[in-house]
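Below is one structure, written out as structure tokens, with a few remarks after it.
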Amino acid sequence: MASHRPVRVRFAPSPTGMLHLGGARTALFNWAFARREGGTFLLRVEDTDTERNSEESLRSILDCLRWLGLDWDEGPEAGGDVGPYFQSERGEFYAQSIARGVEEGWLYRCFATAEDLEQQREHARAAKKNWRFDPTSRGLSQEDSDARAAAGDSFVLRFRVPDHEEIGIDDHIRGRVVFQSEEVEDWVAVRSDGNPTYNFVCALDDAAMSISHVIRGEEHLVNTPKQILVYRALGEPEPSYAHVPLILGQDGKKLSKRTGDTALGDYIAKGYLPQAMFNFLGLLGFSIDDATDVFTPEELIAAFDLKRINKSGAIFDQDRLHWICGEYLRSMSVRDLAQAVLPHLQQAGFLNCAMDSAKTAWLEQLVAAFQPRLTLLSELPAQAAAFFGEVPTPEGKAAKALAAEQAPVLLSAVADALEGANDWPPQDVMAIAKPIAEAQGVGLGKLMQPMRVALTGSLGGPELKDILALLGREQSLARLRSAVPKVS
RNA sequence: GGCCCCAUCGUCUAGUCUGGCCUAGGACACCAGGUUUUCAUCCUGGCAACAGGGGUUCAAAUCCCCUUGGGGUCACCA
4 MASHRPVRVR FAPSPTGMLH LGGARTALFN WAFARREGGT FLLRVEDTDT ERNSEESLRS
64 ILDCLRWLGL DWDEGPEAGG DVGPYFQSER GEFYAQSIAR GVEEGWLYRC FATAEDLEQQ
124 REHARAAKKN WRFDPTSRGL SQEDSDARAA AGDSFVLRFR VPDHEEIGID DHIRGRVVFQ
184 SEEVEDWVAV RSDGNPTYNF VCALDDAAMS ISHVIRGEEH LVNTPKQILV YRALGEPEPS
244 YAHVPLILGQ DGKKLSKRTG DTALGDYIAK GYLPQAMFNF LGLLGFSIDD ATDVFTPEEL
304 IAAFDLKRIN KSGAIFDQDR LHWICGEYLR SMSVRDLAQA VLPHLQQAGF LNCAMDSAKT
364 AWLEQLVAAF QPRLTLLSEL PAQAAAFFGE VPTPEGKAAK ALAAEQAPVL LSAVADALEG
424 ANDWPPQDVM AIAKPIAEAQ GVGLGKLMQP MRVALTGSLG GPELKDILAL LGREQSLARL
484 RSAVPKVS
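Numbering follows our numbering, with no gaps: position 309 of the first sequence is 312.
What follows is the structure in structure tokens.
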């Protein structure tokens, strides 16, 4: 099959909703393959469903692809020599192909109504019999057909599927897959309103755009024979195929909204990093080798090979995505991380002010203190709330630590000691704390615990020294002092 | 149900095409230790899989067949 043509691959989204994770991964694989082969990656918008299309969907899909770092060589906003790249603008081209199909006889009029056929299907279902379109309209004479059309009877154009023909593909992922033409019904290629259907225009456009490799989801595998037949009718070279396995939900079925978020946009909103998402998607159904699970786009490209894509479906593993995100987040520079996390803080109502250099420096200090504790950008506002407002009311063990018998004495002692310190934060908090604990005859922990709770409301969190620095002298002392009367 | 696809730890996977190096490797999650004033990070260790049955072969996770299980698809949606 056409393996020596220049590599041209496409991602063909339908702008009827948000970009699905499966679609995002398909796009990623197409992109990686094109980049690996030095080929062309193009975007074609399949907006033939005028009912469900929306401008907003298209924009969001393009934004999502860009967010992932996938750039396209031809398509919307990029142009190209084989456009238009919107199917809604290719009507003239389709009309020519339709005329040709009718003339050459591989498209024929069928006057059966959708309702009739639906009724037949119903009957078959009730009788538990397998239903397939009965191509009796094929027998309609040209005169009768013309006459009924002239009389204004509504009709669709069906594709005349040949008898006893073997339709096989050598799928890059699955190997040889063969269909018998008897299994393929005379499908509708042009609707009664004159608009062509997906299987028809998809093949038409792939041929016209010289697509060399069709890399798409496995759910399209059964569409392939229909599309191959179009190539054969057209006398165009067939592309080669790679049917990528599905992304499965926790239930083992095709990922759907029932089992969690399915749109890439949902994960963007949750604060996942684009590098992490790219990495994770590239690891679903593909692997570089037996040990590499964190990699750059360049490394993915260098190793990319359609034959290395798995055959079986992969369950979307949130834990793994979460982990990868943490890996990237921890490897980021404090500066970049501060920038990335700022929108999430502002969304939570923090830092909604002009960011002068002092504020930025403080934010970077905060981010540095929390970096080892974060896996998602969106986690910071909740974790660091104590640094933006009141001390959250301690709960559970934290409340207990603050209510300990010696806590008031220890806290006021430590507040006094800190107040006397020359620098802020004190160079060695431990050196200040130790004697106080000893004087009270308790372990260091007995002092540190209530101190943390008094300052942040929590037993966990950054190092004490960082907490004092972030809070500042005044605020730190105030919190240590005000915690005392609360418990006494 | 017809047609098509698939089958290694709970999960993502390496190994399968080109049988022996596999007493099946890595990672996530989980569990247990260690480092750390806390939490987290980090380090060490542990748990855990070739769906079943037949072949072929000196040798099978790897090749063949059957069974079972799972999935996809059966629109004038894409």
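Heads up, the beta-carbon is just placed ideally off N, CA and C, and yes, glycines get one too.
Candidates Thr-19, Gly-82, Gly-42, of which the one nearest Ile-304 by Cα | Position 301 of the first sequence, counting from 1, holds the residue named residue 304. Looking at the Cα atoms, Gly-42 is the closest of the given residues.
Exposure of Gly-288, with buried meaning 16 or more beta-carbon neighbours within 10 Å = Numbered from its first residue, the first sequence carries residue 288 at position 285. It counts as buried.
Ala-266 (DSSP reduced to helix, strand or coil) = In the first sequence, the residue the question calls residue 266 occupies position 263. If DSSP states are grouped into helix, strand and coil, Ala-266 belongs with the strands.
Can you round the beta-carbon distance between Val-159 and Val-204 to whole angstroms, since I take them to be within the 8 Å contact cut?
-> Residue 159 sits at position 156 when you count from the first residue of the first sequence. Residue 204 sits at position 201 when you count from the first residue of the first sequence. Taking 8 Å as the upper bound for CB-CB distance, Val-159 and Val-204 are not in contact here, some 15 Å apart.
Is it a yes or a no for the segment 60 to 69 touching the segment 6 to 20, going by three-plus beta-carbon pairs under 8 Å?
-> By the Cβ criterion, the segment 60 to 69 is in contact with the segment 6 to 20, since at least three pairs of Cβ atoms, one from each stretch, lie closer than 8 Å.
Helix, strand or coil: which one does DSSP assign to Gly-464?
-> If you number the first sequence from 1, residue 464 lands on position 461. Assignment of Gly-464 by DSSP, reduced to helix, strand and coil, places it in the coil class.
Member of Glu-301, Ile-291, Thr-295 whose CA lies at the smallest distance from the CA of Arg-311 | Stepping through the first sequence from its first residue, residue 311 is reached at position 308. The shortest C-alpha separation from Arg-311 is found at Ile-291.
Ala-486 burial status per 10 Å Cβ neighbour count (16 or more: buried) = Working through the first sequence from its first residue, we reach residue 486 at position 483. Residue environment for Ala-486: buried (at least 16 other C-beta atoms within 10 angstroms of its C-beta).
Report the rounded CA-to-CA distance for Tyr-234 versus Asp-209, giving the unit in angstroms.
-> By 1-based counting over the first sequence, the position of residue 234 is 231. By 1-based counting over the first sequence, the position of residue 209 is 206. Going from the Cα of Tyr-234 to the Cα of Asp-209 covers about 9 Å.
If we ignore side chains and look at the alpha-carbon of each, how far apart do Gln-368 and Asp-469 end up?
-> If you number the first sequence from 1, residue 368 lands on position 365. If you number the first sequence from 1, residue 469 lands on position 466. Answer to the nearest angstrom: the Cα atoms are 8 Å apart.
Which residue or residues does DSSP assign as beta-bridge partners of Ala-317?
-> For the purposes of this step, residue 317 is identified with residue 314 of the first sequence, where counting begins at 1. In DSSP, Ala-317 forms a bridge with Ile-250.
Where are the beta strand (DSSP E) runs, 3 residues long or more, that stay fully inside the segment 206 to 249, in chain order?
-> Within the segment 206 to 249, the complete beta strand (DSSP E) runs of at least 3 residues are 216 to 220, 243 to 247.
Given 8 Å, three or more beta-carbon pairs between the segment 452 to 466 and the segment 395 to 407 = With the cut-off at 8 Å, the segment 452 to 466 and the segment 395 to 407 touch.
Below 7 Å CB to CB, which residues in the same chain sit around Phe-44 once its five sequence neighbours on both sides are set aside?
-> For the purposes of this step, residue 44 is taken as the residue at position 41 of the first sequence. Excluding sequence neighbours, Phe-44 sits near Val-12, Asn-33, Trp-34, Ala-37, Trp-75, Asp-76.
Buried or exposed (CB count within 10 angstroms, at least 16 for buried), Ile-250 = As a first step, residue 250 is located in the first sequence; it is residue number 247 there, counting from the start. Ile-250 is buried by the Cβ-count criterion.
Tell me which same chain residues have a C-beta within less than 8 Å of the C-beta of Glu-107, skipping the five on either side of it?
-> Here residue 107 corresponds to residue number 104 of the first sequence, with the count starting at 1. Here the set comprises Ala-236.
For Tyr-111, which of helix, strand or coil comes out of DSSP?
-> Residue 111 sits at position 108 when you count from the first residue of the first sequence. For Tyr-111, the three-state secondary structure derived from DSSP is strand.
Contact the segment 321 to 332 vs the segment 276 to 283: 3+ CB pairs below 8 Å = Under the three-pair Cβ rule at 8 Å, the segment 321 to 332 counts as touching the segment 276 to 283.
Identify whether Thr-29 lies in helix, strand or coil by the three-state DSSP scheme.
-> By one-based count along the first sequence, residue 29 stands at place 26. Helix, per DSSP.
Neighbourhood of Asp-1 by C-beta, 6 Å cutoff - its chain only, sequence neighbours within 5 removed = Nothing in the structure corresponds to residue 1, since the chain is present only between 4 and 491.
Inter-stretch contact at 8 Å, needing at least 3 Cβ pairs: the segment 409 to 424 / the segment 432 to 447 | Contact between the segment 409 to 424 and the segment 432 to 447 is present, because at least three Cβ pairs lie under 8 Å.
Kindly identify the DSSP beta-bridge partner or partners of Leu-46.
-> Mapped onto the first sequence, residue 46 falls at position 43. DSSP, once it has assigned bridges, lists Phe-14 as partnering Leu-46.
So Arg-161 packs on Thr-29, CB below 8 Å; how close in whole Å?
-> As a first step, residue 161 is located in the first sequence; it is residue number 158 there, counting from the start. As a first step, residue 29 is located in the first sequence; it is residue number 26 there, counting from the start. Not quite, the Cβ-Cβ distance comes to about 29 Å (not below 8 Å), so this is no contact.
Can you give the Cα-Cα distance for Trp-134 and Leu-377, rounded to whole angstroms?
-> Along the first sequence, one-based indexing puts residue 134 at 131. Along the first sequence, one-based indexing puts residue 377 at 374. Near 55 Å, if we compare the C-alpha coordinates of Leu-377 and Trp-134.
Please name the residue, chosen from Ala-371, Gly-197, Val-337, Ala-245, that lies closest to Ile-214 on a Cα-to-Cα basis.
-> Position 211 of the first sequence, counting from 1, holds the residue named residue 214. Comparing C-alpha distances from Ile-214 to each of Ala-371, Gly-197, Val-337, Ala-245 shows the shortest one belongs to Ala-245.
Helix or strand or just coil, what does DSSP make of Ala-192?
-> Residue 192 sits at position 189 when you count from the first residue of the first sequence. The answer is strand: DSSP assigns Ala-192 an E or B state.
In terms of residue numbering, what span does the beta strand (DSSP E) encompassing Arg-161 cover?
-> Position 158 of the first sequence, counted from the first residue, corresponds to residue 161. Residue range 159 to 162 is occupied by the beta strand (DSSP E) that includes Arg-161.
Distance between Arg-338 and Leu-332 (C-alpha atoms, nearest Å) = Sequence index remark: in the first sequence, residue 332 carries index 329 (1-based). Sequence index remark: in the first sequence, residue 338 carries index 335 (1-based). Per the coordinates, the alpha-carbon of Leu-332 lies some 12 Å from the alpha-carbon of Arg-338.
Check whether the segment 48 to 62 touches the segment 182 to 201, counting contact only when three or more Cβ pairs, one atom from each stretch, lie closer than 8 Å.
-> Three or more beta-carbon pairs drawn from the segment 48 to 62 and the segment 182 to 201 are found closer than 8 Å, and the two stretches are therefore classed as touching.
Is Gly-72 near Gln-278, with beta carbons less than 9 Å apart?
-> Residue numbering aside, residue 72 sits at position 69 when the first sequence is read from its first letter. Residue numbering aside, residue 278 sits at position 275 when the first sequence is read from its first letter. Yes, Cβ-Cβ distance for Gly-72 and Gln-278 is below 9 Å.
Leaving out five residues before and five after Leu-224 in sequence, what residues of the same chain have Cβ atoms less than 6 Å from its Cβ?
-> Taking the first sequence and counting its residues from 1, the one referred to as residue 224 is at position 221. For Leu-224, where only same-chain residues beyond five positions count, the Cβ hits under 6 Å are His-246.
Unbroken alpha helix (DSSP H) run spanning Arg-62, endpoints = Here residue 62 corresponds to residue number 59 of the first sequence, with the count starting at 1. Counting along the chain, the alpha helix (DSSP H) containing Arg-62 begins and ends at 58 to 71.
Put Gln-123 into one of helix, strand or coil per three-state DSSP.
-> Against the first sequence, residue 123 aligns to sequence position 120. DSSP, reduced to helix, strand and coil, places Gln-123 within a helical segment of the structure shown.
Distance between beta carbons of Val-417 and Leu-450, contact taken as under 8 Å = The residue you call residue 450 lines up with position 447 of the first sequence. The residue you call residue 417 lines up with position 414 of the first sequence. Your pair Leu-450 and Val-417 checks out as a contact, with CB atoms roughly 7 Å apart and the cut at 8 Å.
Hey, how far is the Cα of Leu-110 from the Cα of Asp-189?
-> Translated into the one-based positions of the first sequence, residue 110 becomes position 107. Translated into the one-based positions of the first sequence, residue 189 becomes position 186. Roughly 9 Å between the two C-alpha positions.
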